[in-house]
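Okay, so the sequence shown: first residue is 2 according to this note's numbering, each after it adds one.
Glycine included, every Cβ here is placed at the ideal spot set by N, Cα and C.
Have a look at the structure below, then the notes.
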Amino acid sequence: MNVTKRDYYEVLGVAREVDTPGLKSAYKKMAMKYHPDRNPNDLESEEKFKEAAEAYSVLSDPQKRAAYDRYGHQGLQGFGANQGFDPNAFTDFSDILGDLFGLGDMFGGGGKRGRSRSQRGEDLRYDLEINLEDAIRGLSVDIQVPRLDLCSRCEGTGAEKNDGLVSCPMCHGRGEVIYQQSFLQIRRTCNQCGGRGQIIRRPCTQCRGERHVRTERKLKVNIPAGVDTGTRLRLTNEGQPGLNSGPSGDLYVVVKVKDHAIFERQGDELHCSIPINIAQAALGTEVDLLTFDGLQTVKVPEGTQSGSRIRLRNLGVPRLQASSRGDLFVHIDVRVPSKLTREQRRMFEQLRETLPVENEPHEKSIIDKVKDYFM
Ligand SMILES: [Zn+2]
Ligand SMILES: [Zn+2]
């Protein structure tokens, strides 16, 4: 190891002020080009690959990089690990090389691998459609969620008890295979047993070796008052069961609120429209309205214009996780009769004689003021 070492920046072909992503991508390029998998029995590539790995291991470590920048290769002696090629250095690179070669496990390390790896179960989604009334009042609903449960007969091994499982002949029960590839010792999860170390000789008769059985779970879900389309309710641990005693996933109940024939919802407000005739509009009236809180009397004051709205406080939608409610707005739709009896016509003609004629076009702002009058 007394050969003169090349400059690390030169090795990776980067400028001295390169940032972390730049460094990573330069190393990735080198590793891809000189990787032993792609250059079998090519000693020169092997050296280049090692050299790049070493350069990256130093430059990607801020402390080592600072020392190297000041004192060159000499500056690294205090770190010890730099004497020649350190295969452990590769452990840190598995994220880089893993997605490069699809070999996440290639460099081993860290006990994450093998048959004991526990895995969290997947989250599940359940779409629940409810009507507006239930969204306003809240409800408790029974749902049936299909999911895969661990087979109770084999407890998830997929094999019959006693002699159903045998040690994997490929990896001899280790769950991984280790072999030498040029200078690298490579471990891979065993393909034969998928890392479990055992293979099924006699499949479980209940799950046929699938390890899981399809079940329908009945769950009671409490839907709080105020939910809206898109509200997600999380039921912890009600998702897919985990593997190897990993935790279960969660179940998300995703709410959709159906449209209502009379009331339109806008956030925590409710809106509806009530037609009245011109006599009611001119003289004022009271209208009964069946709301989600029972029958309400809507007082329409005399001289109410078409398009004005009347606010009924606290009769809207409850706010989630709050004790307050939105308001209900009644939009007044003044209807002009399109057919008149002879008697009505006579009375309208009399009215026409007495009413002021105001046919000058409005300024726009006046229309807005009229609309806002009851807000
Ligand atoms: Zn089974
Ligand atoms: Zn195996």
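- Taking the C-alpha atoms as reference points, what is the distance between V12 and Q199? 45 Å
*Where K365 and E354 are concerned, what is the direct C-alpha to C-alpha distance, given to the nearest angstrom?*
28 Å
Exercise for the section: Please find out if some non-hydrogen atom of ligand 1 comes closer than 7 Å to the beta-carbon of G198. Expected result: no
Suppose the cutoff is 6 Å on Cβ atoms and the five residues either side in sequence are ignored; what does the same chain contact list for L271 look like? F264, G317, L329
Whose beta carbon lies closer than 5 Å to any heavy atom of ligand 2, going through the chain in order? C169, M171, C172, C191, Q193, C194
Closest by CA to R71, which one among Y57, G243, K29, R17?
R17
query = What beta strand (DSSP E) runs, 3 residues minimum, are completely inside the stretch 296-330?
reply = 310-313
#### Entry: Residues that DSSP places opposite D334 in a beta bridge
P276
Chain-order list of residues whose beta-carbon lies under 6 Å from that of L234 (same chain, five-residue window excluded): V254
### Query
Are the beta-carbon atoms belonging to R218 and R148 less than 8 Å from one another?
yes
Run the CB neighbour count on L98, radius 10 Å, all protein chains shown included, and call it buried at 16 or more, exposed below. The predicted position of L98 is uncertain, since its pLDDT is 48 and thus under 50; no value can be drawn from it.
Q. What residues in its chain sit with their C-beta under 6 Å from that of P362, if we drop five residues either side in the sequence?
A. none
Worksheet entry | Run of the alpha helix (DSSP H) containing V12, from where it starts to where it stops | 9-13
Taking just the CA atoms, how far does A56 sit from K30?
-> 13 Å
Check your understanding: Are the beta-carbon atoms belonging to G285 and V299 less than 8 Å from one another?
Key -> no
Checklist entry - Between T237 and the rest of its own chain, which residues show a CB-CB distance below 6 Å, the 5 nearest in sequence each way excluded? => result D251
Next item on the list: Confirm the yes/no value for this check: CB of R148, any heavy atom of ligand 1, distance under 7 Å.
Entry: no
Does the beta carbon of R154 fall short of 7 Å from some heavy atom of ligand 1? yes
Check your understanding: Of the choices H213, Q281, Q64, whose alpha-carbon is the least far from that of P242?
Key -> H213
- [ ] Compute the minimum distance between the beta carbon of G159 and the heavy atoms of ligand 1, and state whether it is under 7 Å.
- [x] yes
Q.
Would you say the beta carbon of R203 is closer than 7 Å to some non-hydrogen atom of ligand 1?
A. no
Hey, is C208 close to ligand 1, as in C-beta under 7 Å from one of its heavy atoms?
yes
- ligand 1 heavy atoms versus the CB of M212: any closer than 7 Å? For the record, residue 212 in the displayed sequence is Arg; it is not Met. Flag set: Cβ of R212 near ligand 1.
Nearest chain D C-beta to R175 closer than 8 Å, yes or no? The displayed structure is made up of one protein chain only, and chain D is not part of it.
Boundaries (first-last residue) of the alpha helix (DSSP H) holding V59
44-60
| query | CA-CA distance, L133 and Y127? | reply | 19 Å
Please confirm whether T158 and E177 have their CB atoms less than 8 Å apart. no
Is E18 helix, strand or coil when you go by DSSP?
coil
Residue interval of the beta strand (DSSP E) (run including C65):
Note that residue 65 is Lys in the sequence shown here, rather than Cys. Here K65 belongs to no beta strand (DSSP E); instead the alpha helix (DSSP H) covers 63-72.
When burial is assigned at 16 or more other CB atoms within 10 Å of the CB, is G122 buried or exposed?
-> buried
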